[in-house]
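Numbering (mature numbering (1 follows the signal peptide of the UniProt record, and there is no 0)), first residue to last: -20 to -1, 1 to 276.
Beneath this line is the structure, given in structure tokens, with notes to follow.
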């Protein structure tokens, strides 16, 4: 399990000018001195102060980070993250985030092999982190962590038994806080040995079309991949046929940009975050994918 990263609000005064909402300043100060009770009290107090809706939401999120930091400290000391599942969910339900809480919930469900739920949490974490109003720069993940969240969301989508949407809150994006993510791996599934969609594959194809419809890329490359079962030559042909079947579906559905298809066969197996977490059958499932390379 990856190490949970502590949050601090030492840059908050630089990001937000002084206002009538003292609760935000008090919550930030409490966060920096690891005073969870003080941060919670400030979050309660914002209801009686002259706080804008954004300031009020930020105050609650800073208090949520104080709770997250306590949990991160406990996990760093050897506690099991999953023992905090209910508490993390209560914070999520109250605040709707922040991304650190959603990321931790994704970790819990990944350990439990509830891949669909983990994919949802990681994607929500990515989208929450991209909200620059509610996730100011001091609270945001860096470029490496944004890319990591995207990789984990993609991996969990591929591992999930049922399709998981490419976007959870609003339009599909290929850039988060200026970090470009050109490739998305989508688990479009096909009938064994053919380029015919399964019912789940058709659902994933529809989701991809909706994603492209909102993102409006000028051009895409669809890259088909297979597992290593069968001959390399046959797999290369099959991967290309599957990429072409997906391209034809997207065009028929209304995609108007230019497109190309590539068949990689078994040449580029998927590289999971922790290969030891999967058996051979699941590793093969991760290999069977179509990547969408987007050109804006």
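Cβ coordinates follow ideal geometry from the N, Cα and C atoms, glycine included.
Give me the residue from the options with the minimum Cα distance to residue i.
i, options, result
"residue 187", "173, 31 and 147", "147"
"residue 192", "274, 95 and 56", "274"
"residue 198", "217, 164 and 236", "236"
"residue 114", "40, 204, 261 and 18", "40"
"residue 162", "171, 134 and 91", "134"
"residue 245", "260, 225, 204 and 184", "204"
"residue 222", "24, 44, 241 and 261", "241"
"residue 224", "32, 168, 91 and 154", "168"
"residue 165", "137, 150, 228 and 152", "137"
"residue 173", "49, 215 and 102", "215"
"residue 212", "247, 102, 87 and 254", "247"
"residue 271", "202, 232 and 231", "202"
"residue 86", "102, 93 and 73", "102"
"residue 68", "58, 57, 261 and 51", "51"
"residue 278", "154, 220, 112 and 63", "There is no way to answer for residue 278, as the model of the chain reaches only from -20 to 276."
Cutting at 6 Å between CB atoms, please list the residues of its own chain near residue i, excluding the five before and the five after it.
i, result
"residue 140", "95, 96 and 99"
"residue 105", "79, 82, 83 and 129"
"residue 75", "40, 41 and 44"
"residue 281", "Any question about residue 281 goes unanswered here, given that the chain covers just -20 to 276."
"residue 89", "97 and 98"
"residue 229", "185"
"residue 239", "200 and 227"
Leaving out five residues before and five after residue i in sequence, what residues of the same chain have Cβ atoms less than 7 Å from its Cβ?
i, result
"residue 7", "19, 22, 23, 39, 42 and 43"
"residue 156", "106, 109, 110 and 126"
"residue 120", "109 and 157"
"residue 123", "159"
"residue 14", "49"
"residue 194", "151 and 152"
"residue 37", "114"
"residue 70", "none"
Between residue i and the rest of its own chain, which residues show a CB-CB distance below 8 Å, the 5 nearest in sequence each way excluded?
i, result
"residue 171", "177 and 178"
"residue -4", "Low per-residue confidence applies at residue -4: pLDDT is 45, beneath 50, and the placement is therefore not dependable, though the value from the model is reported in the following sentence. Once the five neighbours on either side are set aside, residue -4 has no close Cβ partner at all."
"residue 255", "263"
"residue 154", "160, 161, 162, 164, 195, 197, 274 and 276"
Report back the beta-carbon spacing between residue i and residue j to the nearest angstrom; my notes put them in contact at under 8 Å.
i, j, result
"residue 159", "residue 127", "7 Å"
"residue 258", "residue 249", "About 12 Å; that fails the 8 Å criterion."
"residue 180", "residue 143", "6 Å"
"residue 185", "residue 226", "6 Å"
"residue 117", "residue 189", "With 8 Å as the limit, residue 117 and residue 189 do not qualify as a contact, their Cβ atoms being about 34 Å apart."
Counting pairs of beta carbons, one from the region 264 to 274 and one from the region 198 to 216, are three or more of them closer than 8 Å?
By the Cβ criterion, the region 264 to 274 is in contact with the region 198 to 216, since at least three pairs of Cβ atoms, one from each stretch, lie closer than 8 Å.
As an exercise, report each continuous beta strand (DSSP E) stretch of at least 3 residues that is fully enclosed by the region 160 to 218, in chain order.
Fully enclosed beta strand (DSSP E) runs of no fewer than 3 residues occupy 163 to 166 and 199 to 205 of the region 160 to 218, in order along the chain.
Please give the ranges of any alpha helix (DSSP H) in the region 51 to 77, keeping only runs that are unbroken, at least 4 residues long and fully inside the region.
Contiguous alpha helix (DSSP H) elements confined to the region 51 to 77 occur at 65 to 75, taking only those with 4 or more residues.
In chain order, each alpha helix (DSSP H) run of at least 4 residues that lies wholly inside the region 68 to 128:
Along the region 68 to 128, the alpha helix (DSSP H) occurs as fully enclosed runs of 4 or more residues at 79 to 91 and 95 to 109, listed in sequence order.
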